[in-house]
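In our numbering, the protein residues as written are 1 to 337.
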């Protein structure tokens, strides 16, 4: 079977999830019996690590606070053919992991995102739902239409995605960075709509609507600067030029009426803004070439890594397609028999 031929790692970053982590670990061990479940505890104070260990997970502590730091450590430490990442709060069903892996293999993707069904209208809090709509729209506008739910924490990855992903974020912005990385390198990605559960009583979200919203917005700006510098600096250049024109119009009107420039400070400010606009435009042109070169280097490194699900004894994706049919197909064949 496919899950016996591939090494699978289930990654669960956790912070104070003692109420749910035990059931989550047991759920993944049952759904993917051949997988190794890793729980990276991020300074929990409620016994999360102990509950995860008793449930059968391999537990590692990451002292740097923030989901991004945990994910970066996981991706660096763990070696596997396929990685499944989920949250430890019980909102994602472990039973869906097999379908994520199936999609990863059959479609030859490097990342499969388990999009959350009805998350736009049922995200626990109205602030989160509104933020999801705004940030997903903003992502599609800036980086492309590859994803419809950039904040989903339920994903499956190939090894070459994991080992080519720089992971510079420190907090909940890490999912956004993953999506931008895939869009930037034009990697094959897929989406799979899944049910999204609610946290059980006693488990609380670590997200802050405004604080984390500002962090994500800042990350959008930084990622746009790094991956689309011409557009980023072009917008700033256009703003500076518009301000320059706005300040210069009254000076020109006055000059044509009187033949004199009486508002010298305003004229100087207008000229300074014009120079800033040209400098920003030039910086955008230069950095755009640098960004293209960096993307090419990342792409070359990505291509140097092993193909997803490729093994010495043949292509496991081909074996998988031949040996494992979808559950619906197996049921139909059983009924026919």
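Glycine included, C-beta positions come from ideal geometry on N, C-alpha and C.
Extent of the continuous beta strand (DSSP E) run through residue i
i: residue 58; result: 58 to 61
Buried or exposed (CB count within 10 angstroms, at least 16 for buried), residue i
i: residue 11; result: buried
i: residue 39; result: buried
i: residue 304; result: exposed
i: residue 33; result: exposed
i: residue 173; result: buried
i: residue 261; result: exposed
i: residue 227; result: buried
i: residue 74; result: buried
i: residue 156; result: buried
i: residue 64; result: exposed
i: residue 176; result: buried
i: residue 30; result: exposed
i: residue 242; result: exposed
i: residue 259; result: exposed
i: residue 275; result: exposed
i: residue 182; result: buried
i: residue 151; result: buried
i: residue 296; result: exposed
i: residue 250; result: exposed
i: residue 285; result: exposed
i: residue 268; result: exposed
i: residue 90; result: buried
i: residue 59; result: buried
i: residue 293; result: exposed
i: residue 109; result: buried
i: residue 82; result: buried
i: residue 256; result: exposed
i: residue 246; result: exposed
Assumed close pair residue i, residue j - CB separation to whole angstroms, cut-off 8 Å
i: residue 69; j: residue 62; result: 6 Å
i: residue 165; j: residue 97; result: Going by Cβ atoms, the distance from residue 165 to residue 97 rounds to 20 Å, so no, they are not a contact pair.
i: residue 35; j: residue 78; result: Not confirmed; about 11 Å, so no contact.
i: residue 302; j: residue 223; result: About 18 Å separates the two Cβ atoms, so there is no contact after all.
i: residue 273; j: residue 240; result: 5 Å
i: residue 26; j: residue 55; result: 5 Å
i: residue 46; j: residue 14; result: Not really, about 10 Å apart at Cβ, beyond 8 Å.
i: residue 233; j: residue 283; result: 5 Å
i: residue 71; j: residue 167; result: 6 Å
i: residue 85; j: residue 171; result: Residue 85 to residue 171, Cβ: 16 Å. No contact.
i: residue 270; j: residue 237; result: Wrong, their Cβ atoms sit about 15 Å apart, outside the cutoff.
i: residue 194; j: residue 102; result: That belief does not hold up - the Cβ atoms of residue 194 and residue 102 are roughly 13 Å apart, past 8 Å.
i: residue 95; j: residue 192; result: Actually they are not in contact, since the Cβ atoms of residue 95 and residue 192 sit about 13 Å apart, beyond 8 Å.
i: residue 113; j: residue 147; result: 6 Å
Enclosing alpha helix (DSSP H) for residue i [first to last residue]
i: residue 27; result: 21 to 31
i: residue 235; result: 229 to 258
i: residue 52; result: 48 to 54
i: residue 106; result: 97 to 106
Which residues DSSP lists as bridging residue i, in chain order
i: residue 266; result: In the DSSP output, where bridge partners are listed per residue, residue 266 has none listed.
i: residue 70; result: Per DSSP, none; premise fails for residue 70.
i: residue 9; result: 36 and 83
i: residue 41; result: 14 and 61
As assigned by DSSP and simplified to three states, the class of residue i
i: residue 114; result: strand
i: residue 191; result: strand
i: residue 182; result: helix
i: residue 159; result: helix
i: residue 146; result: coil
i: residue 288; result: helix
i: residue 304; result: helix
i: residue 154; result: coil
i: residue 134; result: helix
i: residue 139; result: helix
i: residue 94; result: helix
i: residue 296; result: helix
i: residue 165; result: coil
i: residue 212; result: helix
i: residue 173; result: coil
i: residue 261; result: coil
i: residue 276; result: helix
i: residue 89; result: coil
i: residue 226; result: helix
i: residue 309; result: Residue placement at residue 309 is flagged as unreliable, the pLDDT there being 48, under the threshold of 50; the coordinate-derived value follows with that caveat. Residue 309: coil per DSSP, three-state reduction.
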